[in-house]
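*Asks:*
In our numbering, the protein residues as written are 40 to 224.
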């Protein structure tokens, strides 16, 4: 198993938190992992992204030329990274902040109103965790749910936001499962 992942959005949307949660879950499964964050000039409001590599074998370089998975939460990020999606890759897009979804037809696109779903869970700040739930439901071989939930708990369990993040994760899973069911029918 090997996954090259790009996670990108505005600063303040939790891109780095999401990267850490995915990385922690992979480590719990004894996977090899490497990655690095990148911030725009502004910490909040500028574009922020992180690259993560997860593999069963040793990873020689953290550099990602083309990704297998992209979680993209805004238009500037899609514009920046759409050329780095491999044929057959998965792109999870935040339809609320992306108005031009022009992607290669060979890319599996899951476009959902992540901000709207997050607001229904209590805060727009959990849109990243909604996307995580979508990812785990759409790619069940990616990471085990138990590992993801434990990583979420480690990240948010001692804060007052654990229940809200758990609700967001399950909302993402639910809508992601519906996407999978529709794609199969």
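Just so it is clear, CB atoms sit at the ideal spot from N, CA and C, and this is done for glycine as well.
#1: Could you tell me the distance, in whole angstroms, from the CA atom of residue 56 to the CA atom of residue 105?
#2: Looking only at its own chain, which residues have a Cβ that is under 8 Å from the Cβ of residue 120, when we skip the five neighbours before and after it?
#3: Just list the beta strand (DSSP E) runs in the stretch 60-93, keeping only unbroken ones of 3 residues or longer that don't cross its boundaries, in chain order.
#4: Is residue 54 buried or exposed, if buried means 16 or more other CB atoms sit within 10 Å of its CB?
#5: Could I get the ranges of all uninterrupted alpha helix (DSSP H) runs contained in the stretch 99-179, with 4 residues as the minimum, in chain order?
#6: Looking at the secondary structure, which residues open and close the beta strand (DSSP E) in which residue 286 lies?
#7: Nearest by alpha-carbon distance to residue 214: which of 145, 196, 155 is it?
#8: If you reduce the DSSP assignment to three classes, tell me which class residue 52 lands in.
#9: Assuming residue 129 and residue 147 make a contact with CB atoms under 8 Å, what is their CB distance in whole Å?
#10: Assign residue 196 to one of two classes, buried (16 or more other C-beta atoms within 10 Å of its C-beta) or exposed (fewer than that).
#11: Buried or exposed, going by whether 16 or more other CB atoms sit within 10 Å of the CB of residue 49?
#12: So which of 182, 78, 166 has the shortest CA-CA distance to residue 134?
#13: Which of helix, strand or coil does DSSP assign to residue 182?
*Replies:* Considering the structure as presented:
#1: 22 Å
#2: 45, 47, 88, 106, 109, 111
#3: 71-78
#4: buried
#5: 114-120, 153-159, 166-177
#6: Within the shown structure, residues of the chain are numbered from 40 to 224, placing residue 286 beyond reach of any answer.
#7: 155
#8: coil
#9: 5 Å
#10: exposed
#11: buried
#12: 166
#13: coil
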